[in-house]
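*Asks:* Once you've had a glance at the structure underneath, I'll fire off some questions.
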Amino acid sequence: MLDYTKTRQLEEDFERYMLKFYAKYKRFSLEDFGDFAATILNYNVQNNVIDAQEKGAYAAFLVSLYNKGIGNRITEEHQRQIANAIASDYSVNFTVIKELFG
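Listed below in structure tokens is the structure:
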């Protein structure tokens, strides 16, 4: 079961980042979202905020937020595939971190 405080913080980070990104670039594509999601999850895992074994569940949570934001157009199967791809990505894009926390 996901921790409410952590999901709330991820949701706030997602909304803040998405709004800043969209205002700057006039887009927030699936690729842009994936870059954000992998980075924020890996950043939180590296800082011991999220347990590495829970990363997949939090990835699915973030994908559900993105899907909701685009009008629930992504099927459940594709949401699972996207969440798995994000969970298996270990990259951290410091541009995302700077934009979010800078």
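In this note's numbering, the protein residues as written are 1091 to 1192.
Using N, Cα and C, we set each Cβ at its ideal position, and we do this for glycine too.
1. Return the CA-CA distance between T1230 and A1113, expressed in angstroms with no decimal places.
2. Among F1126, R1106, M1108, V1153, whose alpha-carbon lies nearest the alpha-carbon of V1182?
3. Which runs of the alpha helix (DSSP H) spanning at least 4 residues fall entirely within the stretch 1117-1176, listed in chain order?
4. Helix, strand or coil: how does DSSP classify V1182 here?
5. Which residue marks the beginning of the alpha helix (DSSP H) containing L1100, and which one marks its end?
6. For my contact list, Y1148 and I1160 are in at a C-beta cut-off of 8 Å; report their separation, rounded to the angstrom.
7. Could you pull out every residue in the same chain whose Cβ sits closer than 6 Å to the Cβ of M1091, ignoring the five residues on either side in sequence?
*Replies:* Let's see:
1. Past the boundaries of the shown model lies residue 1230; the chain is included only from 1091 to 1192, so the question cannot be answered.
2. F1126
3. Runs of the alpha helix (DSSP H) spanning 4 or more residues and lying entirely within the stretch 1117-1176 occur at 1120-1136, 1145-1159, in chain order.
4. V1182: coil per DSSP, three-state reduction.
5. 1094-1115
6. Going by Cβ atoms, the distance from Y1148 to I1160 rounds to 19 Å, so no, they are not a contact pair.
7. none
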